[in-house]
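Engineer: My structure is below; once you've seen it, I'll send some questions.
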DNA sequence: GCGGTTTGGTGACAATATCACTGAAGCCAA
DNA sequence: TTGGCTTCAGTGATATTGTCACCAAACCGC
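Chains as they are written, first to last, in my numbering: chain A, 1 to 221; chain B, 1001 to 1221.
This is the structure:
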């Protein structure tokens, strides 16, 4: 399946002159990942900038002890700068990107990236913006983990994962990995939510039965 | 006091041609902060890039509950990109920079910054590198806070703060703010270290009496 | 030395994490 | 459809960390 002129879809590329965009369309390579596949990890760092055309990439960090935490998600229209970051800094990190849905992305090789950053202000701003947003996302994660209560964080995350709906498909383990905590902790908090009539649970499924109540918890200091 | 040709001191500027460096020297403004002063905070974001010529800036985040955590330190030769990040993303964050020593810095206004990034590859790399290093610093903080034990983290930090010496001037509260925990927790862990003969304490002062032992703790998984 | 302020110590209790299990739910092959 | 296997969830005991309330010691300015 062709994806057409993807340069339409990004803030940083839509504003570029036609000639530059044509050059981009020539230079970039389209890649696909099916849901669940690893997009990058510490052992396999693509030397390029990635634009996400379709789908979601979940970027998470793993501890030695086997616990995980989700750092942020890259959505369609975003670029994924963490790989670029590491490539530039030539330092180790232990974050990993996983395709959360089927993903279509565009890969721009390093030389083309360099040239574009040098020559096009719009593109440059796009890249800096992407970095900035990730920095700020991480500040939020630090704040949550260091100072947040687990019930508040879980309520927030349930609302976010439901995405307008009332249903979430996730195991307790997956929710634990979202927040960087242990499954047992999630089980207990969810049970508490359940007893208070905020949710109903079955294996792998959570239904919010009182979104207002959950929101109240999510927004309590 | 004049600081001479500061463009010598930065990777990103030392490689630039003489003409560009002269332009930099003309465009940039030198600022000084005495130890303890706030360099930036959420209410006061300088619209510019800052190069640190001398001293150290501690960048930390505060919670509503009054607890703090140190995110990273900007040392001489580094640039401070967090302000730039926020400026670009136009989003709120709640990090704050404090001069840890007397600080001499160079402020490069936004337009000059833009021009330089566009025109000079060496400068561009410097800036991207600075971003990348911060991203990676934050990944480390997330890892520590989410998965690390407090005794391990404290041992690490004591060694880092001693900086080759065996003495650290810090109150328990200050150490708590380094790690994003509470004073009481630090007091107890330090007491434990003390009983094990790893350190000696007096008010506001800690002496490492067994650096090897501390290192062993710091390096335990 | 005196009174106030900062710093550190401590017990009780709350929240979260870890460990070692148990049982329940779904899956699949015979 | 049953029985076994695997994944998922529940639970008690215990360890670690955070919170609260309070006290005592060290330091500071006078």
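We put the beta carbon where it would ideally sit given N, CA and C, even for glycine.
Taking only runs that begin and end inside the segment 1165-1193 of chain B, name each unbroken beta strand (DSSP E) of 3 or more residues, in chain order.
Structural biologist: The segment 1165-1193 of chain B contains these whole beta strand (DSSP E) runs: 1167-1169.
Engineer: What does residue 1061 of chain B reach in chain A if we use C-beta pairs closer than 9 Å?
Structural biologist: Here the neighbours are 139, 142, 143, 146, 147.
Engineer: Tell whether a beta-carbon distance below 8 Å holds between residue 1150 of chain B and residue 1104 of chain B.
Structural biologist: Going by C-beta atoms, residue 1150 of chain B is not nearer than 8 Å to residue 1104 of chain B.
Engineer: Would you say residue 155 of chain A lies against chain B (beta-carbon separation less than 8 Å)?
Structural biologist: With 8 Å as the cut-off, residue 155 of chain A does not count as an interface residue toward chain B.
Engineer: Does the CB of residue 1064 of chain B have a neighbour CB from chain A at under 8 Å?
Structural biologist: Answer yes: the Cβ-Cβ gap between residue 1064 of chain B and chain A drops below 8 Å somewhere.
Engineer: Does the count of Cβ pairs from the segment 29-41 of chain A and the segment 136-149 of chain A closer than 8 Å reach three?
Structural biologist: No, the segment 29-41 of chain A does not touch the segment 136-149 of chain A.
Engineer: Taking the alpha-carbon of residue 1157 of chain B as reference, which of B:1139, B:1039, B:1071 has the nearest alpha-carbon?
Structural biologist: Ranking the options by Cα distance to residue 1157 of chain B, first place goes to B:1071.
Engineer: Measure the Cβ-Cβ separation of residue 113 of chain A and residue 49 of chain A and say whether it is below 8 Å.
Structural biologist: Their beta carbons are under 8 Å apart, which means residue 113 of chain A touches residue 49 of chain A by this criterion.
Engineer: I'd like to know whether the C-beta atoms of residue 1053 of chain B and residue 1106 of chain B end up nearer to each other than 8 Å.
Structural biologist: For residue 1053 of chain B and residue 1106 of chain B, yes; Cβs fall inside 8 Å.
Engineer: Any beta carbon from chain B within less than 8 Å of residue 16 of chain A's own beta carbon?
Structural biologist: No, no contact with chain B.
Engineer: Closer than 8 Å, Cβ to any Cβ of chain A: which residues of the segment 1162-1183 of chain B, in chain order?
Structural biologist: Listed by position, the residues of the segment 1162-1183 of chain B near chain A (Cβ gap below 8 Å) are 1180.
Engineer: Measure the C-alpha to C-alpha separation of residue 159 of chain A and residue 215 of chain A and round it to an integer number of angstroms.
Structural biologist: Cα to Cα, residue 159 of chain A sits roughly 8 Å from residue 215 of chain A.
Engineer: DSSP state of residue 40 of chain A, grouped into three classes?
Structural biologist: The answer is strand: DSSP assigns residue 40 of chain A an E or B state.
Engineer: Figure out for me which residue from A:119, A:57, A:108, A:188 has the closest Cα to the Cα of residue 101 of chain A.
Structural biologist: Measuring from the Cα of residue 101 of chain A, the nearest candidate turns out to be A:57.
Engineer: Would a check of beta-carbon distances place residue 1093 of chain B closer than 8 Å to chain A?
Structural biologist: By this cut-off, residue 1093 of chain B is an interface position.
Engineer: What's the call for residue 121 of chain A, buried or exposed, on a 16-neighbour Cβ count within 10 Å?
Structural biologist: The residue in question, residue 121 of chain A, is exposed, as its Cβ has fewer than 16 Cβ neighbours within 10 Å.
Engineer: Which whole runs of the beta strand (DSSP E) in the segment 65-106 of chain A are 3 residues long or more, in chain order?
Structural biologist: Runs found: 68-75, 95-99.
Engineer: What residues from chain A crowd round residue 1117 of chain B, counting only those whose CB sits closer than 7 Å?
Structural biologist: Those are 124, listed as they occur along chain A.
Engineer: Indicate the three-state DSSP secondary structure (helix, strand or coil) for residue 1210 of chain B in the structure shown.
Structural biologist: Residue state, collapsed to three classes: coil.
Engineer: Are the segment 1206-1215 of chain B and the segment 1163-1182 of chain B touching by the rule of at least three beta carbon pairs closer than 8 Å?
Structural biologist: Yes, since at least three Cβ pairs between the segment 1206-1215 of chain B and the segment 1163-1182 of chain B fall closer than 8 Å, the two stretches touch.
Engineer: Rounded to whole angstroms, what's the CA-CA distance from residue 142 of chain A to residue 1138 of chain B? Just pull it up for me.
Structural biologist: Cα-Cα distance, rounded: 8 Å.
Engineer: Considering Cα atoms alone, identify which of A:190, A:51, A:35 is closest to residue 13 of chain A.
Structural biologist: Considering only alpha carbons, the answer is A:51.
Engineer: Measuring straight from C-alpha to C-alpha, what distance separates residue 1130 of chain B and residue 1024 of chain B?
Structural biologist: Rounded to whole angstroms, residue 1130 of chain B to residue 1024 of chain B spans 19 Å at the Cα level.
Engineer: So which residues on chain A does residue 1134 of chain B lean against when the C-beta distance must stay under 8 Å?
Structural biologist: Within chain A, the residues near residue 1134 of chain B are 135.
Engineer: Express the C-alpha separation of residue 4 of chain A and residue 1005 of chain B in angstroms, rounding to a whole number.
Structural biologist: Going by the C-alpha atoms only, they are around 51 Å apart.
Engineer: Taking the continuous beta strand (DSSP E) assigned at residue 62 of chain A, which residues delimit it?
Structural biologist: Note, residue 62 of chain A: beta strand (DSSP E), 56-62.
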